[in-house]
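Visitor:
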Amino acid sequence: MQRILVIDDDTDICLLLRRFLSKNGYDVAIAQNGQTGLSLLEEFTPDLVMTDFRLGDLDGGQILRKIKERFPEVPVLIITGYSDIKIAIDVMKMGAFDYITKPLFPDEILLTIKKALGQEKPSGQMQSAIEKDTNTSVNKSAHKTSRSKSDNNYIFGSGPESKNLYRQIDLVAPTNYSVIIYGESGSGKESVAQEIHKRSKRANGPFVAMDCGAISKELAASEMFGHEKGSFTGALNQKIGHFEMANGGTLFLDEVANLPYDVQVALLRVVQERKLRRIGGNKEISVDVRILVASNERLMEACRKGKFREDLYHRFNEFSLDVPPLRDRKADIMEFARFFLDNTNEELGKDVKGFEEDVKTAFLSYPWYGNLREMRNVVKRATLLSDGDYIESKSLPFEIINYSRLLFSDPIQTVVPEEIAPKQEDPVKPNLKSAALDAEYEMILQVLKQVNYNKSKAAQVLSIDRKTLYNKMKSYNL
């Protein structure tokens, strides 16, 4: 009997999971805080750990590191709320097998557990938001025109914005230029970086990705340059950094603006001289690495704010390109949705044929703040919940259904505060822009009420950053 350790500070979830998993043939132990869960590792020796990301004493990242230090072969599943999916994906990059979102669905839990325990082949672990399994055959011929020109099975779309992106990748990939890739979170910046690498002369070399936003200030230099044994407290072994791992290939620095300033100083020297020293080491190590960086904010603006070194920016800025957000790629939206549906059908062994018309309308009107990553998660969940041939609106998350209804509802049903309402004596004809503003106002107000006006939580639910939320609240006089 395989053993599963469940760590969650919600008593009901612990008891329900123990009852459900026990009925399905697993030996289950539960812990209601991180420390208790870690202490059970030696005693219970689980085959799999399921842990909530948000616990009172530890977070999912800390628990994951502890487990991987002591039991590196034990798969870890992260339990997270829908609004925390970005955080969960970041934790997956640290070694988690997969994540499960609340509310929990029995079929989804069992399927994920079976994959993690090797009973089924894993799908999607640490994949970019737009990667597709090479064995996919569902409707394969219908999507050939939207594949990348190389054999890497990415989908970029076939609309005008996507074609412009292809042209820029084709232009810069064969060179050895450093490239800055701009784009919103979830828009596929890492996929673009991988595409550049695979079309370059370094395609046979390694592609190493480093998420600069997910690494603490204390560990950033060690992760990037490596360290020698005993160079600082906790350095029990020699560590090879990302630069050395990428030697002969490409190093991708995601969200590079988040690097600590002192690490930027050290990085500038390595970029200039292509030589580095591990922390605590005396030997200079030569590296041959092409550097691609990504950011969701303009690096020149970060320079003006004093967050990013201008000399480092100019070193990186040999070429730059923009990955358009999904809401600006209307011609590709249903193509992407179909792509993710094909993936999920194969993963779940289902045969959902497509989307109802009101779902298509909702997808085309929704602004997709989380971009391709959000769409992938929405389609994945909707496919799981669908029991018919087509995905219906009842299977979509609240925010997508609500946005569509507000956008296309009777103007009389939409309440707009007097401060932002059009101050005109004559009645005005409804237009799409004003309807979208009304819908956005209603959604922001409703979410704020739901979270008791906690702006951080509201920003998470809306899948936008706090600064964007503040600006929108200011414009609506909220």
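Residue numbers (this note's numbering): 63 to 540.
Backbone N, C-alpha and C define an ideal beta-carbon position, used for all residues, glycine too.
(1) Counting along the chain, where does the beta strand (DSSP E) carrying T312 start and finish?
(2) CA-CA distance, L540 and L510?
(3) Nearest CA to the CA of G118: which residue from R81, G267 and D71?
(4) Give the DSSP-derived three-state secondary structure of A255 in the structure shown.
(5) Out of I75, N405 and R132, which has the shortest C-alpha to C-alpha gap to S101?
(6) Quick check on L120: buried or exposed, where buried means 16 or more other Cβ atoms within 10 Å of its Cβ?
(7) Where does the unbroken alpha helix (DSSP H) through Y548 begin, and where does it stop?
(8) Counting only runs of 3+ residues fully inside the stretch 241-286, write out the beta strand (DSSP E) ranges in chain order.
(9) Going by C-alpha to C-alpha distance, which of E252, D390, A328 and F167 sits closest to D273?
(10) Less than 8 Å between the beta carbons of I129 and L103, yes or no?
(11) Beta-carbon within less than 7 Å of S348's beta-carbon, same chain only, minus the 5 sequence neighbours each way: which residues are those?
(12) Do G288 and K301 count as a contact pair if the criterion is CB distance below 8 Å?
(13) Around the C-beta of P222, are 16 or more other C-beta atoms found within 10 angstroms, so that it is buried, or is it exposed?
(14) Note down the Cα distance separating L524 from N464, rounded to an integer number of angstroms.
(15) Which residue from I341, Y375, A308 and S262 puts its Cα closest to that of L281?
(16) DSSP three-state call for K194: helix, strand or coil?
(17) Using a Cβ-Cβ cut-off of 7 Å (strictly less than) and excluding sequence neighbours within five positions of G320, which residues of its own chain qualify?
(18) Starting from I526 and walking both ways along the alpha helix (DSSP H), at which residues does that stretch end?
(19) Specify the secondary structure class of F305 as computed by DSSP and reduced to three states.
(20) Does DSSP put G343 in a helix, a strand or coil?
(21) Do you know offhand how far L110's Cα is from V136's?
(22) Give the DSSP bridge partners of D89, in chain order.
(23) Should the stretch 400-408 be called in touch with the stretch 443-455, which here means at least 3 C-beta pairs below 8 Å?
(24) Mark K206 as exposed unless 16 or more other C-beta atoms lie within 10 angstroms of its C-beta, in which case mark it buried.
(25) Looking at I453: is its Cβ nearer than 8 Å to the Cβ of V421?
(26) By Cβ distance below 8 Å, which residues in the same chain neighbour D350 in space, the five residues on each side in sequence not counted?
(27) Going along the chain, which unbroken runs of the beta strand (DSSP E) with 3 or more residues stay wholly within the stretch 358-409?
(28) Just tell me which of P322, V333 and L499 has its CA closest to the CA of S278.
(29) Which value, in whole angstroms, describes the spacing of the CA atoms of Y532 and L315?
(30) DSSP has V440 in a bridge; who is on the other side?
(31) Check for me: the alpha helix (DSSP H) holding T98 runs from which residue to which?
(32) Taking the continuous beta strand (DSSP E) assigned at L110, which residues delimit it?
(33) Could you work out which residue in L172, I353 and E246 is closest to T237 when comparing CA atoms only?
(34) Considering only their Cβ atoms, is the gap separating L139 from G99 smaller than 8 Å?
(35) When the distance is taken between beta carbons, is L330 closer than 8 Å to R366?
Guide: Reading from the atomic positions:
(1) From DSSP, the beta strand (DSSP E) with T312 extends over T312 to D316.
(2) 10 Å
(3) The shortest Cα separation from G118 among R81, G267 and D71 belongs to D71.
(4) DSSP places A255 in the helix class (H, G or I) of the three-state scheme.
(5) That would be R132, whose Cα lies nearest to the Cα of S101.
(6) buried
(7) Absent from the structure is residue 548, since the part of the chain shown begins at 63 and ends at 540.
(8) 241-244 and 269-273
(9) Of all alpha-carbon atoms in E252, D390, A328 and F167, the one lying nearest the alpha-carbon of D273 is that of E252.
(10) yes
(11) R336 and K337
(12) yes
(13) exposed
(14) 12 Å
(15) I341
(16) Only weak support is given to the placement of K194: the predicted model assigns it a pLDDT of 34, under 50, and the question is left unresolved by the model.
(17) For the sequence presented, residue 320 should be read as Asn rather than Gly. Once the five neighbours on either side are set aside, the close Cβ partners of N320 are C274 and G275.
(18) Per DSSP, I526 lies in no alpha helix (DSSP H) and is assigned neither H nor E.
(19) helix
(20) coil
(21) Take the alpha-carbon of L110 and the one of V136: they are about 6 Å apart.
(22) R65
(23) yes
(24) Confidence is the limiting factor: at K206 the pLDDT is only 30, short of 50, which leaves the residue's position unreliable and the question unanswerable from this model.
(25) Taking the C-beta atoms as reference points, V421 is found nearer than 8 Å to I453.
(26) N309, G310 and R336
(27) Counting only runs of 3 or more, we get 381-384.
(28) P322
(29) Y532 and L315 have their C-alpha atoms roughly 28 Å apart.
(30) Looking at the DSSP assignment, V440 forms no beta bridge with any residue, so it has no partner.
(31) G96 to F106
(32) L110 to D114
(33) I353
(34) no
(35) no
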